[in-house]
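Structure first, commentary second.
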Amino acid sequence: ADEGVAAAATSKKRKKKRKNKQKKAKQQPAFRAGADDAPSDGEGSDASGDYSSEEVSGDEGGATLSERREAKLQQMRNELEEKKRKSVEEGEAAEALRLQHLEEANSAISLMPSVKRKKREEGGDKPAMSLIANLQGQATPTHEFSKDLNMGKENSSGTVVFPTSSDVASWTPPDTASNPADEALEIQLPDFDSLRLQEGSSNNTIAIKFSAPHESKRFSINIAAPGHRDYYDILFHFNPRARQKGGQLVINDKQEGIWGSALEVPLSTLPLMFGDHACTLAIQINGDGFDIFLDGEHCARLEHRTQLPKEKCSLTLQFPSTDDYGSPEVWTVYRVWWGQKPSMASGDISGVPGVNMYSSLHPKKLFVSGLSKLHSLPEVELRRAELERAFRKYGGSHGVAVVCPMNATYAFVEVEAERQADLALQEMASKYRLNRARRTKHEALQEERAAVEAANQGKLQETSEWD
Numbered sequence: 319a320d321e322g323v324a325a326a327a328t329s330k331k332r333k334k335k336r337k338n339k340q341k342k343a344k345q346q347p348a349f350r351a352g353a354d355d356a357p358s359d360g361e362g363s364d365a366s367g368d369y370s371s372e373e374v375s376g377d378e379g380g381a382t383l384s385e386r387r388e389a390k391l392q393q394m395r396n397e398l399e400e401k402k403r404k405s406v407e408e409g410e411a412a413e414a415l416r417l418q419h420l421e422e423a424n425s426a427i428s429l430m431p432s433v434k435r436k437k438r439e440e441g442g443d444k445p446a447m448s449l450i451a452n453l454q455g456q457a458t459p460t461h462e463f464s465k466d467l468n469m470g471k472e473n474s475s476g477t478v479v480f481p482t483s484s485d486v487a488s489w490t491p492p493d494t495a496s497n498p499a500d501e502a503l504e505i506q507l508p509d510f511d512s513l514r515l516q517e518g519s520s521n522n523t524i525a526i527k528f529s530a531p532h533e534s535k536r537f538s539i540n541i542a543a544p545g546h547r548d549y550y551d552i553l554f555h556f557n558p559r560a561r562q563k564g565g566q567l568v569i570n571d572k573q574e575g576i577w578g579s580a581l582e583v584p585l586s587t588l589p590l591m592f593g594d595h596a597c598t599l600a601i602q603i604n605g606d607g608f609d610i611f612l613d614g615e616h617c618a619r620l621e622h623r624t625q626l627p628k629e630k631c632s633l634t635l636q637f638p639s640t641d642d643y644g645s646p647e648v649w650t651v652y653r654v655w656w657g658q659k660p661s662m663a664s665g666d667i668s669g670v671p672g673v674n675m676y677s678s679l680h681p682k683k684l685f686v687s688g689l690s691k692l693h694s695l696p697e698v699e700l701r702r703a704e705l706e707r708a709f710r711k712y713g714g715s716h717g718v719a720v721v722c723p724m725n726a727t728y729a730f731v732e733v734e735a736e737r738q739a740d741l742a743l744q745e746m747a748s749k750y751r752l753n754r755a756r757r758t759k760h761e762a763l764q765e766e767r768a769a770v771e772a773a774n775q776g777k778l779q780e781t782s783e784w785d
């Protein structure tokens, strides 16, 4: 009887546990399937063992942690996607704003109402100037010389010889030309006097405003004396060649139809001549030769190889259309000026290509330095008269020959003979600063020519120009 009571009590406890477990399963829908799978009879309950409240609570806690982890991961994925979407939207907005600004700039609409752009007035003839030009002053037009050169139309020391009319603005070699003289530009340079070069009273300077594009291979200039026989004789030849030996400036002369020994200067050492900009070329004729200046820089010198004309004459400036082989020359000439200017060479010029200082000194000519600067022709005449009186006794029966250049602080005095020059150096040194003058290349050529003529006539060379 006691064993039956114990069995009934045990069965009652198990039923009570099963009821509690089913009640909790109903309260947790997620675990409903697990509750349904639990044993429903005593045998099954005995096989699987008893289920305690701690075990059910443990299973429930593990499932909740897994759900939370999955939910957290999903939240992070959503946030990342949202950031990517916002980044793309911001990039598209910035690109749209940039395009809007570009459109507004192209249409000259200012983003700031307080800043206004200056617009050129309609009908105005004032040329546009760059910011640098505004800082430095006024920009120099392509067809004009710089005001610093003082080579305008209204200039007493020279004149513009091209263009001579308003109908012609510039000159470019024609494409149809087949030889250098075919439709070439020729300009006369009047009032050239080689005997008055040192005095500064003869025209001696040519200025050319030009431009040569990047695709140009070469261009050239010729200067010839009267009687050149269709440029069979050329005093001076200027020829930049962009494609020869890496770029070279070739300077030469021509005698009896034969070119002389060329002076070649690398273009890399000179100011830029080929490009979209305009350049100013200046050529000065003096007793030593032809001095070449490009944009104010002393580039080279071609010393005289033939004697200059003795009498006052007009030189001829030629701009050939092609080279000697018919190849076209590509460049544009805007303006040419011819007149008198003081020597542009200054300082030590021994490093200038083509300058070979004549080593011999003049036997009869003296160099007088340290004088006051002359500014007018009356001052020149007074200086000449003063030196003629001071050196009168060294000049023989005809007196001395005096040269006083304008705007210079020096003068030249030529006496009768070398012995008289020696005496003047000793006796006049206390009153004037004296030295032997250097013989110029032109004077050397004159002496050589006189010696050849005297030898041909069987006469002795004269020792003085007064004898």
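Quick note on our numbering: the sequence shown kicks off at 319 and runs consecutively.
By construction, the Cβ of each residue, glycine as well, lies at the ideal position given by its N, Cα and C atoms.
Source: prediction; values computed, not measured.
Residue i - partner residues in DSSP beta bridges
| i | result |
| --- | --- |
| N540 | H555, Q636 |
| A600 | A525, F611 |
| Q658 | Looking at the DSSP assignment, Q658 forms no beta bridge with any residue, so it has no partner. |
| T801 | For residue 801 there is no data in the structure shown, the boundaries of the chain being 319 and 785. |
| I569 | F556, L581 |
| I576 | Q573 |
| E621 | G607 |
| H616 | F611 |
C-alpha distance - residue i paired with residue j, whole-angstrom precision
| i | j | result |
| --- | --- | --- |
| E621 | A423 | 58 Å |
| F611 | R416 | 50 Å |
| M394 | E421 | 41 Å |
| R403 | L383 | 31 Å |
| A755 | A747 | 15 Å |
| G607 | V698 | 25 Å |
| R707 | G713 | 10 Å |
| N497 | K563 | 24 Å |
| V718 | E732 | 6 Å |
| E761 | V721 | 14 Å |
| K691 | H532 | 45 Å |
| R702 | D466 | 31 Å |
| S529 | F592 | 7 Å |
| S405 | A414 | 14 Å |
| S661 | S475 | 14 Å |
| D642 | W649 | 17 Å |
| S579 | R623 | 10 Å |
| A389 | E400 | 17 Å |
| D511 | E629 | 6 Å |
| Q744 | A600 | 41 Å |
Pair within 8 Å by beta-carbon distance, residue i and residue j
| i | j | result |
| --- | --- | --- |
| Q636 | N540 | yes |
| A605 | T727 | According to the sequence as given, residue 605 is Gly; it is not Ala. Result no, Cβ atoms of G605 and T727 do not sit closer than 8 Å. |
| Q602 | D613 | no |
| K535 | I552 | no |
| L513 | I524 | no |
| R619 | S687 | no |
| D500 | S639 | yes |
| L633 | A542 | yes |
| H616 | V568 | no |
| N468 | Q658 | no |
| F709 | Q516 | no |
| H461 | S488 | yes |
Residue i (DSSP reduced to helix, strand or coil)
| i | result |
| --- | --- |
| L467 | helix |
| S296 | No answer is possible for residue 296: it lies beyond the span of the chain, which begins at 319 and ends at 785. |
| A769 | helix |
| Q562 | coil |
| R395 | helix |
| R336 | helix |
| L383 | helix |
| R416 | helix |
Whole beta strand (DSSP E) runs in the stretch 500 to 539 with 3 or more residues, listed along the chain?
-> 503 to 510, 523 to 529
Enumerated in chain order, which unbroken segments of the beta strand (DSSP E) with a length of 3 residues or greater are wholly contained in the stretch 680 to 766?
-> 719 to 721, 729 to 732, 751 to 756
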